[in-house]
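Each position in the sequence shown, counted from 1, maps to that position plus 16 in the numbering used here.
Note that the Cβ used here is the ideal one computed from N, Cα and C, for glycine as well.
For clarity, every value in this text was computed on a predicted model and none was experimentally measured.
All remarks here apply to the structure that follows.
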Amino acid sequence: MSSSRQPVEAPIGTVGRATLCGTALFLIAGFSIAVLLKPDPRGFGTHQQLGLPPCAFRFFVNRPCPGCGMTTCFAYFVRGQFAAALRANPAGTLLATVCLLLIPWCFWSAFLGRLWMVSDPVPVVTALSVSLAGLIFLLWATRMLALV
Numbered sequence: 017m018s019s020s021r022q023p024v025e026a027p028i029g030t031v032g033r034a035t036l037c038g039t040a041l042f043l044i045a046g047f048s049i050a051v052l053l054k055p056d057p058r059g060f061g062t063h064q065q066l067g068l069p070p071c072a073f074r075f076f077v078n079r080p081c082p083g084c085g086m087t088t089c090f091a092y093f094v095r096g097q098f099a100a101a102l103r104a105n106p107a108g109t110l111l112a113t114v115c116l117l118l119i120p121w122c123f124w125s126a127f128l129g130r131l132w133m134v135s136d137p138v139p140v141v142t143a144l145s146v147s148l149a150g151l152i153f154l155l156w157a158t159r160m161l162a163l164v
């Protein structure tokens, strides 16, 4: 006798629903800010339009940090300029895609009152976070080697 286990979607309460809606709104706000920014044609430095200083890592080491080009990438991404977004920061393009997909997922899960297609959020969030972080650093290492 085989037991096939179907994933049971985790129910959430009012606080969980509010958190999901808040997360979706936070992501929308991030994309909205990206719409207001003019992508820097160098492929990095767009964050300075927000009053932030230039990248200290780039200044001292003369090489890009893992986040160099991330804001520029998002600014290109929201304009549908995906090739430019990939040039600015390939990992940022993946991150922007994940963030974009999370918005409807958060709202849909909040509407349903359960995490849609997720039975246990901890391994899902862990796998997604570790995968994204690993890819960001792998692509950064590739960019560093390409500049040598």
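Span of the alpha helix (DSSP H) holding residue i?
{"i": "Met86", "result": "86-93"}
{"i": "Ile119", "result": "106-128"}
{"i": "Arg79", "result": "Premise fails: Arg79 is in no alpha helix (DSSP H) and is neither H nor E."}
Taking residue i as the reference, give the member of the options with the closest Cα.
{"i": "Gly61", "options": "Phe123, Val77, Thr88", "result": "Thr88"}
{"i": "Leu117", "options": "Ala40, Thr30, Pro139", "result": "Ala40"}
{"i": "Phe105", "options": "Phe153, Ala34, Ile49", "result": "In the sequence as displayed, the identity of residue 105 is Asn instead of Phe. It is Phe153 whose Cα lies nearest to the Cα of Asn105."}
{"i": "Phe90", "options": "Val77, Leu52, Asn78, Ser147", "result": "Leu52"}
{"i": "Leu161", "options": "Arg79, Ile119, Val146", "result": "Arg79"}
{"i": "Ala157", "options": "Cys84, Pro55, Leu68", "result": "Cys84"}
{"i": "Pro55", "options": "Phe75, Met86, Leu68, Val31", "result": "Met86"}
Can you tell me which of the three DSSP states residue i falls into?
{"i": "Pro70", "result": "coil"}
{"i": "Pro27", "result": "strand"}
{"i": "Ser135", "result": "coil"}
{"i": "Arg58", "result": "coil"}
{"i": "Gln97", "result": "coil"}
{"i": "Leu148", "result": "helix"}
{"i": "Leu53", "result": "coil"}
Measure the Cβ-Cβ separation of residue i and residue j and say whether it is below 9 Å.
{"i": "Gly59", "j": "Arg95", "result": "no"}
{"i": "Pro82", "j": "Ala107", "result": "yes"}
{"i": "Gly150", "j": "Arg33", "result": "no"}
{"i": "Leu36", "j": "Cys122", "result": "yes"}
{"i": "Gln64", "j": "Pro57", "result": "no"}
What is the C-beta distance between residue i and residue j, in whole angstroms, given that I count them as a contact (C-beta under 8 Å)?
{"i": "Phe93", "j": "Ala112", "result": "4 Å"}
{"i": "Leu131", "j": "Ile28", "result": "6 Å"}
{"i": "Thr109", "j": "Phe98", "result": "7 Å"}
{"i": "Val140", "j": "Val146", "result": "Rounded, the Cβ-Cβ distance is 11 Å, inconsistent with contact."}
{"i": "Ile49", "j": "Ile119", "result": "About 15 Å; that fails the 8 Å criterion."}
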